[in-house]
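Participant: Handing you a structure now.
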Amino acid sequence: MTPSCPAAGPTTVQEADAEANRQLTTLAGWRKFIDGPPPPPAQLSLDELRQLSPTERDLYDEDRLDHHARMLTVSTSFVEKTRICGRRLVLLNRHAISARRGLMVSGLPGTGKTSAIAQLGRAHELLDRARHPTVGDRIPVLYITVPPAATARMVAAEFARFLGLPVRPRSNMTDIIEAVVGVCTDTRTGLVVVDEIHNISQRTQAGAEVSDTLKYFSERIPATFVYAGIDLETSELLIGTRGAQIAGRFTLVPTGPFPYGDEWKGLIATMEETLILHDHPPRSLVKLDRYLHNRTDGMIGALSHAIRGAAIDAILNGTERVTKEGLDAIPLDHAAESVRPARKPARQR
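Numbering follows full-length UniProt numbering, in which position 147 of the sequence shown is assigned residue number 147; successive positions increment by one, without gaps.
The structure is reproduced here in structure tokens:
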């Protein structure tokens, strides 16, 4: 019997809607993230593969390509530390009426900051759902990103956009803030996550106003605020009086490249176990742990990109295995490539 394969894919409009619903900065997208990714496709045996028609094989391969294209979230020590610190602050803030403390997650690009805060938010929401299983109108977590060159109105509009509140051209700041605060209070929002916070500079008037707006939100919404951004310790977010206030109320959790060691090897092993390839020798990537550390400079983002990219190429070119040569062919971000040792020229014969 021919193995069952999925039906034809969605229309372009449906795909566009699905793409919008994957954004963490909308309530629909956040809830889709909370519900988790779809289960991975089952890996067929060689006999089952031979029974597939060309169309069925294409659909099977497309499912595998989509699986490898998804960013895998690995529970690293940094993710766990962020989750524990965040949970502790939520508990400490539970009965606070003012001066609630917050969390700052800081590090270089590609070190897993967004994954860590997203997992913190997911853990908080799942716990809230478990405690209130019959209450369907709760919004335990609000997630936004700070736009580049943001104004206070733009940030307030991001709060409203997540909640699905309309922001009209004539809406003033007071109207937007009151609507957001009202919904967050009514729906028991307990965690507000603000990513890309490094886009705020206290040196500019607009940046100072954004900082004041976030502080006002934190005073009006009874929630724990979590900030994430690049090198916050030295950023313009923490300069001046406003910056000192933030530094005095927020716990800092720094991250960086992974050192070469057992956790790094475990990361590779975990990622390798998710591969759905038909000719990939088990633990062959683990044997390349030193090479992968040198290639990615210990950055988990670059590691994930390299392995997933090489797996996609292995399906497209039919080799069905990830090799050192295949990994070497995947272009990484400039930061990772800039630390890559130059190749030695071939020896003349």
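From the three backbone atoms N, C-alpha and C, an ideal C-beta is built for every residue, glycine too.
For chain E, is any of its Cβ atoms less than 8 Å away from the one on Arg249?
Facilitator: Although the question refers to chain E, the structure presented lacks it and comprises just one protein chain.
Participant: Going by alpha carbons, who is nearest to Leu288 out of Pro148, Thr114, Ile307 and Ile84?
Facilitator: Checked all of Pro148, Thr114, Ile307 and Ile84; the closest Cα to Leu288 is Ile307.
Participant: Could you tell me the alpha carbon to alpha carbon distance between Ile230 and Ile197, rounded to whole angstroms?
Facilitator: So the two alpha carbons sit approximately 8 Å from each other.
Participant: Note down, one range per segment and in chain order, each alpha helix (DSSP H) of at least 4 residues found wholly within the region 27 to 79.
Facilitator: 27 to 35, 46 to 50 and 54 to 69
Participant: Could you give the distance in angstroms between the alpha-carbon of Thr76 and the alpha-carbon of Arg170?
Facilitator: 46 Å
Participant: Give me the residue from Thr204, Lys265 and Ser218 with the minimum Cα distance to Gly194.
Facilitator: It should be noted that the sequence gives Val, not Gly, for residue 194. It is Ser218.
Participant: Helix, strand or coil, according to DSSP, for Gly256 in the structure here?
Facilitator: coil
Participant: Mind checking which residues open and close the beta strand (DSSP E) that includes Ser115?
Facilitator: Careful: Ser115 lies outside any beta strand (DSSP E), inside the alpha helix (DSSP H) at Lys113 to Arg131.
Participant: Less than 6 Å between C-beta atoms, sequence neighbours within five positions excluded: which residues of the same chain meet that for Ile330?
Facilitator: Ala306, Gly309 and Ala310
Participant: Taking the alpha carbon of Arg220 as the reference point, which residue from Pro54, Pro40 and Ser98 has its own alpha carbon closest?
Facilitator: Ser98
Participant: Under 8 Å, with one C-beta from each stretch per pair, do the region 126 to 140 and the region 274 to 289 reach the 3-pair mark?
Facilitator: no
Participant: Indicate the three-state DSSP secondary structure (helix, strand or coil) for Val193 in the structure shown.
Facilitator: DSSP places Val193 in strand when its eight states are reduced to three.
Participant: Here's the rule I'm using: 16 or more other beta-carbon atoms within 10 Å means buried, otherwise exposed. How should Val74 be labelled?
Facilitator: buried
Participant: Near residue 366, which residues of its chain fall below 8 Å by C-beta distance, leaving aside the five closest residues on each side in sequence?
Facilitator: Residue numbering for the chain in the displayed model covers 1 to 349; residue 366 lies beyond these limits and cannot be assessed.
Participant: Report buried or exposed for Asn199, applying the criterion of at least 16 other Cβ atoms within 10 angstroms of its Cβ.
Facilitator: buried
Participant: Indicate the three-state DSSP secondary structure (helix, strand or coil) for Ser106 in the structure shown.
Facilitator: strand
Participant: Excluding five sequence neighbours on each side, which residues of the same chain lie with their C-beta closer than 8 Å to the C-beta of Pro281?
Facilitator: Cβ-Cβ distances below 8 Å link Pro281 to Arg321 in the same chain, with the five nearest sequence neighbours on each side left out; the list follows chain order.
Participant: Can you check which of these residues, Ile312, Gly261 and Leu327, is closest to Leu285 by C-alpha distance?
Facilitator: The residue from Ile312, Gly261 and Leu327 with its alpha-carbon nearest to that of Leu285 is Leu327.
Participant: With a Cβ-Cβ cutoff of 8 Å, do Val105 and Val253 count as a contact?
Facilitator: yes
Participant: In chain order, what residues of the same chain lie with their CB nearer than 6 Å to the CB of Gly240, ignoring the 5 residues before and after it?
Facilitator: Gln202
Participant: First and last residue of the beta strand (DSSP E) that includes Val141?
Facilitator: Val141 to Thr145
Participant: Secondary structure at Gly229, three-state DSSP: helix, strand or coil?
Facilitator: strand
Participant: How is Thr151 classed by DSSP in three states: helix, strand or coil?
Facilitator: Residue state for Thr151 is assigned as coil, using DSSP reduced to three classes.
Participant: Under the DSSP definition of a beta bridge, which residues are partnered with Phe250?
Facilitator: Gly102
Participant: Quick check on this structure: which residue in Thr187, Ile312 and Leu44 has the alpha carbon closest to the alpha carbon of Asp137?
Facilitator: Thr187
Participant: Quick one: what does DSSP say Thr224 is sitting in, helix, strand or coil?
Facilitator: strand
Participant: List in chain order: all unbroken alpha helix (DSSP H) runs of 4+ residues lying wholly within the region 265 to 324.
Facilitator: 289 to 296 and 300 to 316
Participant: Between the region 55 to 71 and the region 89 to 97, are three or more C-beta pairs nearer than 8 Å?
Facilitator: no
Participant: Could you tell me the alpha carbon to alpha carbon distance between Arg57 and Ala206, rounded to whole angstroms?
Facilitator: 54 Å
Participant: Classify Arg242 as buried or exposed, calling it buried when 16 or more other Cβ atoms lie within 10 Å of its own Cβ.
Facilitator: buried
Participant: Starting from Val183, trace the alpha helix (DSSP H) both ways and give me its first and last residue.
Facilitator: Met173 to Asp186
Participant: Where does Val210 sit, in a helix, a strand or coil, going by DSSP?
Facilitator: helix
Participant: Could you have a look at Ser235 and say whether DSSP puts it in helix, strand or coil?
Facilitator: coil
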